[in-house]
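Novice: Counting the sequence shown from 1 gives a position; the working numbering is that position plus 2. A virtual CB, placed ideally from N, CA and C, is assigned to each residue, including glycine. My structure is below; once you've seen it, I'll send some questions.
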Amino acid sequence: MDEETKIFADYLGNSENEYGPDSKTQQVKKIIVAQLENDKSRVYFQRQLEVLYEKKFFHWVTGRAIKELKEEGRITVDYYPIQVRSHRDYIKIITHKKNRYYRTRAKQIASLVEMYSNPSITSDTGFVAEELFKVAYAEHQFSLIATHTNKLRGKQWVKTNHDVDFIVEKKGKFFGCEVKNTLGYIDREDMDIKIELCQFLGIMPIFIVRYSPTVWNNEVFENGGLVQVFETQIFSPGKAELVGRLKNELELPVLVSRRIPDSIMDRLDRVLETRVFKV
């Protein structure tokens, strides 16, 4: 690891074994089995477990562990429908193989997941996070240049229909910011395209995300960008009741917020001061 990467080690995280070798899958499998053995009546859905374990294991590693445990007959995996817009989707329900009375709880979980998957909720969470970060960047002396755009200083990205959520400027440097306020990771293809878009426009990409695998963070870093992680999904004040249920019933990292904590922006400032403004 070179000296520059060492400086940002706390920001990037440990990149060893990022894609989750088989040993990581076996570790998750042991944790899941032990958790279900400890309380055979517990019922989870797959995204919930992926998020619960994300500090130690990438989402796809947990997903692979669940798949293998199902194939080995060591857990019960069932599929419950949820309505998303005009089409029906399914969530994976996970419980102990001897739990015969999981269906009522599974239906309750599916109903709650369907509620927060409603387009009115997802669009609201996307909007509130973007607006709060615009304010936070302004408070830290970034000037807002444009929103939902793919052009800057006479250049326009036309290779695809993608754009960035907003472009800001500070000390003569421009940054293309993309906000992803979801439990799941940002779409990897979108990330790659927006890195290329920002490179074309001559600006630094900043992905502002609830959570992201360190291997992707490192790759963004190596391509001249940064990933700003805020860990907890943000909801608007009017969604307090839903947030309470998601926290209490599903143990998800969610909160109602009116402001981005200074600690999140201070961390970004330190990285940019070392990497960008002192160069």
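Quick one, are the C-beta atoms of Leu134 and Ile208 less than 9 Å apart?
Specialist: One-based indexing of the sequence shown puts residue 134 at position 132. One-based indexing of the sequence shown puts residue 208 at position 206. Cβ atoms of Leu134 and Ile208: not closer than 9 Å.
Novice: For His150, which three-state DSSP category applies?
Specialist: Position 148 of the sequence shown, counted from the first residue, corresponds to residue 150. In this structure, His150 counts as strand in the three-state DSSP scheme.
Novice: How would you write the range of the beta strand (DSSP E) that Glu180 sits in, first residue to last?
Specialist: Locating residue 180 in the sequence shown gives position 178, counting from the first residue. Element bounds for Glu180: 175 to 182.
Novice: Spell out the partners DSSP gives Ile96 in its beta bridges.
Specialist: Residue numbering aside, residue 96 sits at position 94 when the sequence shown is read from its first letter. Paired residue(s): Tyr46, Val79.
Novice: Suppose the cutoff is 6 Å on Cβ atoms and the five residues either side in sequence are ignored; what does the same chain contact list for Val278 look like?
Specialist: Numbered from its first residue, the sequence shown carries residue 278 at position 276. Cβ within range, chain order: Lys175.
Novice: Under the three-state reduction of DSSP, which class applies to Asp192: helix, strand or coil?
Specialist: Residue numbering aside, residue 192 sits at position 190 when the sequence shown is read from its first letter. Correct three-state label for Asp192: helix.
Novice: Leaving aside the five residues before and after Tyr55 along the sequence, list all residues of the same chain whose C-beta is less than 6 Å from its C-beta, in chain order.
Specialist: Here residue 55 refers to the residue found at position 53 when the sequence shown is read from its first residue. Cβ within range, chain order: Thr64.
Novice: Compute the Euclidean distance between the alpha carbons of Leu185 and Glu141, then round it to the nearest angstrom.
Specialist: Counting from 1 along the sequence shown, the entry for residue 185 is found at position 183. Counting from 1 along the sequence shown, the entry for residue 141 is found at position 139. So the two alpha carbons sit approximately 26 Å from each other.
Novice: Taking the straight line between their C-alpha atoms, what separation do you get for Ala108 and His150?
Specialist: Working through the sequence shown from its first residue, we reach residue 108 at position 106. Working through the sequence shown from its first residue, we reach residue 150 at position 148. Whole-angstrom Cα-Cα distance: 39 Å.
Novice: Let me confirm a value: Gly75 is counted as buried when at least 16 other C-beta atoms fall within 10 Å, else exposed. Which label applies?
Specialist: On the sequence shown, residue 75 is found 73 positions in, with the first residue counted as 1. Exposed, because fewer than 16 other Cβ atoms sit within 10 Å of the Cβ of Gly75.
Novice: Taking the alpha-carbon positions, what's the Glu233 to Tyr46 distance?
Specialist: The residue labelled residue 233 in the question sits at position 231 within the sequence shown. The residue labelled residue 46 in the question sits at position 44 within the sequence shown. Spanning the two alpha carbons is a distance of roughly 20 Å.
Novice: With distances taken between CB atoms, is the gap from Lys2 to Glu171 smaller than 9 Å?
Specialist: In the structure displayed, the chain extends from 3 to 281; residue 2 sits before or after that span and is not available.
Novice: Give the range of the alpha helix (DSSP H) segment to which Glu171 is assigned.
Specialist: Looking up residue 171 in the sequence shown gives position 169. Run containing Glu171: none in the alpha helix (DSSP H); it sits in the beta strand (DSSP E), 166 to 172.
Novice: Pull up the DSSP beta-bridge partners for Leu257, would you.
Specialist: Locating residue 257 in the sequence shown gives position 255, where the first residue counts as 1. Bridge partners of Leu257: Ile236.
Novice: So what does DSSP say about Ser113, is it helix, strand or coil?
Specialist: Counted from its first residue, the sequence shown places residue 113 at position 111. Looking at Ser113 - three-state DSSP - the assignment turns out to be helix.
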